[in-house]
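**Q** Can you read through this structure? Questions will come right after.
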Amino acid sequence: MCNFDRVLIKTFSLNDKYFIDFLLKKISEVLKIDAYYLNNSPLPYDAYDGFRKQFLAEKFLENLILEKSEESEIILGVTSVDLYEPGLNFVFGMASPFYSVAIISTKRLHNLFYALPEDKSLFFERSLKEAIHEIGHTLGLEHCPNPKCVMHFSNSIVDTDKKSYNFCDNCWEKAKDKLCIKV
Ligand SMILES: [Zn+2]
Ligand SMILES: [Zn+2]
Numbered sequence: 185m186c187n188f189d190r191v192l193i194k195t196f197s198l199n200d201k202y203f204i205d206f207l208l209k210k211i212s213e214v215l216k217i218d219a220y221y222l223n224n225s226p227l228p229y230d231a232y233d234g235f236r237k238q239f240l241a242e243k244f245l246e247n248l249i250l251e252k253s254e255e256s257e258i259i260l261g262v263t264s265v266d267l268y269e270p271g272l273n274f275v276f277g278m279a280s281p282f283y284s285v286a287i288i289s290t291k292r293l294h295n296l297f298y299a300l301p302e303d304k305s306l307f308f309e310r311s312l313k314e315a316i317h318e319i320g321h322t323l324g325l326e327h328c329p330n331p332k333c334v335m336h337f338s339n340s341i342v343d344t345d346k347k348s349y350n351f352c353d354n355c356w357e358k359a360k361d362k363l364c365i366k367v
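One point on numbering: in the numbering used here, the residue at position 10 of the sequence shown is 194, and numbering is uninterrupted.
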């Protein structure tokens, strides 16, 4: 019995149709289920820490849970602001496997963040990897020791660049049981 038949993307203060269309198309290709755009919202007002100049990732998840209307949907939030969790300097993203919602931040996926020339296609690819990784967590997958697998943990952008946006065979076996794949 599968659990999920679609991924919905919700953006937070981010308007880039070309970028979101890319994510939707590729997410649908990798997961073999439908992917749609939901809506764009303002940033959660209570998530900002003025001292850290970062937003608390958990607050975005709370917001995403409220958007869920069907058990069979996975909701992915996308924001360009920097996210953190207590005890960590930053997070690329965060997921709630229980509610099947996840959030990713594109802030640290830009070359510009590392004082390097911006590379749009690299930025798109990194964003896709983080999106699939967090969606993988919503499917109950844990971190994978295979450095090429999308479920490999990224401590830094170097790790992200080493991995692919696909699941390794082991992780795909686990993921596909949860997905209502179109035949
Ligand atoms: Zn992870
Ligand atoms: Zn794997």
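The beta carbon of each residue, even a glycine, is placed where N, CA and C say it ideally should be.
Predicted model only: the values in this text are computed from it and were never measured.
Under the three-state reduction of DSSP, which class applies to Arg236: helix, strand or coil?
**A** Coil.
**Q** Would you report the Cα separation of Pro281 and Glu255, rounded to the nearest angstrom?
**A** Taking the straight line from one Cα to the other gives about 12 Å.
**Q** Please state the DSSP three-state secondary structure of Asp218.
**A** In the structure shown, Asp218 sits in a strand (DSSP, three-state: E or B).
**Q** Taking 7 Å as the cut-off, is the C-beta of Phe337 nearer than that to any heavy atom in ligand 1?
**A** Yes, ligand 1 has a heavy atom inside 7 Å of this Cβ.
**Q** Taking 7 Å as the cut-off, does the CB of Asn350 come closer than this to any heavy atom belonging to ligand 2?
**A** No, since every heavy atom of ligand 2 falls outside the 7 Å radius drawn around the Cβ of Asn350.
**Q** Give me the DSSP bridge partner(s) of Gly277.
**A** According to DSSP, Gly277 bridges with Ile288.
**Q** Does the beta carbon of His294 fall short of 7 Å from some heavy atom of ligand 1?
**A** His294 Cβ: outside cutoff for every heavy atom of ligand 1.
**Q** Applying the criterion that 16 or more other CB atoms from any shown protein chain within 10 Å of the CB defines a buried residue, is Lys347 buried or exposed?
**A** So Lys347 counts as buried.
**Q** Counting only the same chain and skipping the five closest in sequence on each side, list residues whose C-beta sits under 8 Å from that of His362.
**A** In the sequence on display, residue 362 carries Lys and not His. Contacts found: Cys186, Asn187, Phe188, Leu323, Gly324.
**Q** Any heavy atom of ligand 4 closer than 7 Å to the CB of Cys355?
**A** For the structure depicted, ligand 4 is absent and the ligand set comprises only ligand 1 and ligand 2.
**Q** Under the three-state reduction of DSSP, which class applies to Asn247: helix, strand or coil?
**A** Helix, per DSSP.
**Q** Work out the CA separation of Leu312 and Thr344 for me, nearest whole Å.
**A** Distance between the alpha carbons of Thr344 and Leu312: 10 Å.
**Q** Give the DSSP-derived three-state secondary structure of Ser253 in the structure shown.
**A** If DSSP states are grouped into helix, strand and coil, Ser253 belongs with coil.
**Q** Going by the beta-carbon positions, is the gap between Ser284 and Ile258 smaller than 8 Å?
**A** Contact: yes.
**Q** Identify the residues that DSSP records as bridge partners of Thr263: which are they?
**A** The partner list for Thr263 (beta bridge, DSSP) reads Phe196, Ser289.
**Q** Could you tell me which residues DSSP pairs with Tyr268 in its beta bridges?
**A** Answer is Leu240.
**Q** Give me whichever residues DSSP pairs with Phe188 in a beta bridge.
**A** Leu363, per the DSSP bridge assignment.
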